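First comes the structure, then the notes that go with it.
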Amino acid sequence: MKVVVLTGAGISAESGVATFRDAGGLWEGHRVEDVATPEGFEADPDVVHHFYDARRRGLEAVEPNAAHLALAALEGHLGDDLLVVTQNVDDLHERAGSTRVLHMHGELRSAWCTTCDERLRWDEALSHRPPCPRCGTPTLRPDVVWFGELPYGMERIEDALSEADQFVSIGTSGEVYPAAGFMQVAAAYGAHTLELNLVPSSGTQWLTEARHGPAGLLVPAWVAGLLP
Ligand code: BJW
Numbered sequence: 248m249k250v251v252v253l254t255g256a257g258i259s260a261e262s263g264v265a266t267f268r269d270a271g272g273l274w275e276g277h278r279v280e281d282v283a284t285p286e287g288f289e290a291d292p293d294v295v296h297h298f299y300d301a302r303r304r305g306l307e308a309v310e311p312n313a314a315h316l317a318l319a320a321l322e323g324h325l326g327d328d329l330l331v332v333t334q335n336v337d338d339l340h341e342r343a344g345s346t347r348v349l350h351m352h353g354e355l356r357s358a359w360c361t362t363c364d365e366r367l368r369w370d371e372a373l374s375h376r377p378p379c380p381r382c383g384t385p386t387l388r389p390d391v392v393w394f395g396e397l398p399y400g401m402e403r404i405e406d407a408l409s410e411a412d413q414f415v416s417i418g419t420s421g422e423v424y425p426a427a428g429f430m431q432v433a434a435a436y437g438a439h440t441l442e443l444n445l446v447p448s449s450g451t452q453w454l455t456e457a458r459h460g461p462a463g464l465l466v467p468a469w470v471a472g473l474l475p
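Using our numbering, the first residue of the sequence shown is number 248, and each one after it goes up by one.
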């Protein structure tokens with residue numbers, strides 16, 4: 248059985264990572280357009296760098312929760328037949344033990360040099376404009392996907408959706424494309440589609456099944472139901 252799992256901010260909420268749209272439209276006090284667009288970065292790079300530096304530092308204080316661990320256990324049974332596509336830029340899937348993870352919106356622990364196009368593992372701050380270790384130019388930015396930019400791995404995702412027997416969406420509001428369209432794509436290819444979310448998300452017309460509640464309870468229960 249081939250399974251594609253899409254995760255969003257809700258899967259990390261019980262680890263203490265803030266979601267994007269649950270706090271009155273503000274994201275840790277910032278308007279999303281100010282910190283997650285190339286235009287916002289151009290207008291005020293200091294604000295954007297400080298925002299991502301704080302979130303990168305914050306990773307040290309959080310741990311994977313039962314939902315991340317359950318998906319890692321599922322990989323132990325399904326191996327290459329499982330792909331976790333995450334919109335999250337945290338590393339909680341990997342720290343839970345998952346290896347088949349595609350970060351379609353990039354990663355906090357990666358930096359991208361816009362001069363030489365190098366992508367590097369990065370755990371430090373970027374706000375003091377360190378030089379790129381490859382070309383020496385101080386043009387590193389967070390290696391994350393902002394609005395208007397092309398998400399990573401779209402071809403691999405499309406291939407996986409076309410072959411999936413099950414598509415499971417966990418902890419995402421369904422507000423941001425192209426991820427919000429994966430449910431419809433998977434359904435069109437004939438997959439069983441399941442949502443595991445605190446509340447009903449947008450776009451539920453493509454669902455075969457929905458279960459609502461905290462991911463830390465729903466995901467382990469769903470995984471337990473799949474395992475022999
Ligand atoms: C729990 C829980 C618990 C809470 N348990 N659940 C007009 C129409 C359609 C599309 C567009 C349009 N205008 C522009 C677009 C495109 C645009 C877009 O979608 N805009 C929308 C606002 C309409 N998209 C893009 O620009 C994308 N690129 C693109 O389209 O390129 C063109 C292209 C693509 C493909 C093929 C060809 C061409 C890029 C989007 C980049 C998004 N970037 C961000 C920032 C990433 C870096 C960072 O983290 O800082 O990604 S924005 C932000 O939203 C972040 C997230 O990954 C993403 C999704 O958020 P998510 O994960 O769903 O979080 P929330 O907070 O919204 O929801 C959490 C859910 O969890 C809620 O439902 C809670 O209830 C639930 N929950 N606790 C279970 N314990």
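Cβ atoms here follow ideal geometry from the backbone N, Cα and C, with glycine treated the same way. Nothing here was measured: the structure is a model prediction, and the numbers come from that model.
Asked: Taking only the alpha-carbon atoms, compute the straight-line gap between Gly395 and Phe288 and give it to the nearest angstrom.; Found: 13 Å
Asked: Using a Cβ-based criterion (distance less than 8 Å to any ligand heavy atom), does Thr440 qualify as near ligand 1?; Found: no
Asked: For Thr451, I'd like the list of residues in its chain whose CB is within less than 6 Å of its CB, leaving aside the five on either flank, ordered along the chain.; Found: none
Asked: Report all residues from its chain with a CB closer than 8 Å to the CB of Met351; omit the five preceding and five following residues, and keep chain order.; Found: Val332, Thr333, Gln334, Val392, Pro398, Tyr399, Gly400, Met401, Ile404 and Ala426
Asked: Closer than 8 Å to a non-hydrogen atom of ligand 1 - does that hold for the CB of Glu289?; Found: no
Asked: To test your reading of the DSSP string, which unbroken alpha helix (DSSP H) runs of 4 or more residues are found completely within the stretch 274-326?; Found: 279-282, 285-290, 292-305 and 313-325
Asked: Examine the Cβ distances between the stretch 458-470 and the stretch 366-376 and report whether three or more of them are shorter than 8 Å.; Found: no
Asked: In whole angstroms, give me the CA-to-CA distance for His324 and Tyr424.; Found: 30 Å
Asked: Assuming the contact rule is C-beta atoms closer than 8 Å, Leu445 and Val415 should be a hit. Round their C-beta distance to whole Å, please.; Found: With a Cβ gap of about 15 Å, Leu445 and Val415 do not count as contacting.
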